[in-house]
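For the sequence shown, the residue numbers in the working numbering are 1 to 159.
Glycine included, every Cβ here is placed at the ideal spot set by N, Cα and C.
Here's the structure we're looking at; comments come further down.
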Amino acid sequence: MSATLLAVALSLVSAAAYAAAAVAQERLASRVHDGESGVLRMLGSGVWWSSVGLNASAALLHVAALKYGPLTLVQPLGALTLVAAVPLGARLAGRRVTRLEWRGTGLTLIGLGALLLTASGPAPDDTLTVPEALVVAAATMAVIGVLSRPGTRPGLRHA
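In structure tokens:
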């Protein structure tokens, strides 16, 4: 197996582990309703600490992936945690993934694909100049501003 394929495999397993841990912690935290005593009870739960261990394992897998692949490949693949958490969380909740969730998942995948394509261009070691970085930052802020302005559909503000 090539180093790049190993980095991708480790990144995918890491993302799945992060997603499983996040879903477990969210489900456990959602059951806490009575303030500090509920939080202390949650911290005494084996499920909570198992998910913390799963997070630690995912972090180690992520670091191992960085040994075999570049940051521009491994880090974006970490965003697959978001993609994996949606169907996993729905399944554990005993419900179907909603159309809005599928749309968000699809947009996440499109963004991830675009990021991977641009990061793996003909000169992946080239960096942006300061003016180029400022243009990218300004464009990003403009898109976020447009999508979050009052009067837009509420689903766009939950990303």
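Expressed to the nearest angstrom, what Euclidean distance is found between the alpha-carbon atoms of residue 113 and residue 105?
-> Numbered from its first residue, the sequence shown carries residue 113 at position 113. Numbered from its first residue, the sequence shown carries residue 105 at position 105. Answer to the nearest angstrom: the Cα atoms are 12 Å apart.
Which of helix, strand or coil DSSP assigns to residue 39 | Within the sequence shown, the letter at position 39 stands for residue 39. In this structure, residue 39 counts as helix in the three-state DSSP scheme.
Status (buried if at least 16 other CB within 10 Å, exposed otherwise) for residue 33 | Residue mapping note: residue 33 aligns to position 33 of the sequence shown, counting from 1. Residue 33 should be labelled exposed.
Contiguous beta strand (DSSP E) assignments of at least 3 residues, all confined to the stretch 76 to 125 | none
Neighbourhood of residue 87 by C-beta distance below 7 Å, restricted to the same chain and skipping five residues each side = Here the question's residue 87 lines up with position 87 in the sequence shown. Correct list, in chain order: 97.
In angstroms with no decimal places, state the Cα-to-Cα distance between residue 49 and residue 25.
-> Translated into positions along the sequence shown, residue 49 becomes position 49. Translated into positions along the sequence shown, residue 25 becomes position 25. Between residue 49 and residue 25, the C-alpha separation is close to 9 Å.
Report whether the distance from the Cβ of residue 110 to the nearest heavy atom of the ligand FAD is below 7 Å.
-> The model on display carries no ligand, and the ligand FAD is accordingly not part of it.
Residue 62, DSSP secondary structure in three states = One-based indexing of the sequence shown puts residue 62 at position 62. It is helical.
Between residue 85 and the rest of its own chain, which residues show a CB-CB distance below 7 Å, the 5 nearest in sequence each way excluded?
-> Indexing the sequence shown from 1 puts residue 85 at position 85. Same-chain partners within the cutoff: 19, 22, 23.
In three-state DSSP terms, what is residue 2?
-> Taking the first residue of the sequence shown as position 1, residue 2 is located at position 2. DSSP places residue 2 in coil when its eight states are reduced to three.
Can you give me the Cβ contacts of residue 82 inside the same chain, cut-off strictly under 7 Å, excluding the 5 residues immediately before and after it?
-> Along the sequence shown, read from residue 1 onward, the residue named residue 82 stands at position 82. Here the set comprises 108.
So what's residue 131 in DSSP terms, helix, strand or just coil?
-> The count along the sequence shown starts at 1 and reaches residue 131 at position 131. Correct three-state label for residue 131: helix.
If you run the structure through DSSP and keep just helix, strand and coil, what is residue 11?
-> Stepping through the sequence shown from its first residue, residue 11 is reached at position 11. Three-state DSSP puts residue 11 in a helix.
Closest by CA to residue 14, which one among 56, 42, 41?
-> In the sequence shown, counting from the first residue as 1, residue 14 sits at position 14. Comparing Cα-Cα distances from residue 14 to each of 56, 42, 41, the minimum goes to 56.
Rounded to a whole number of angstroms, what is the C-alpha to C-alpha distance between residue 4 and residue 38?
-> Translated into positions along the sequence shown, residue 4 becomes position 4. Translated into positions along the sequence shown, residue 38 becomes position 38. Each residue's Cα considered, the two are about 44 Å apart.
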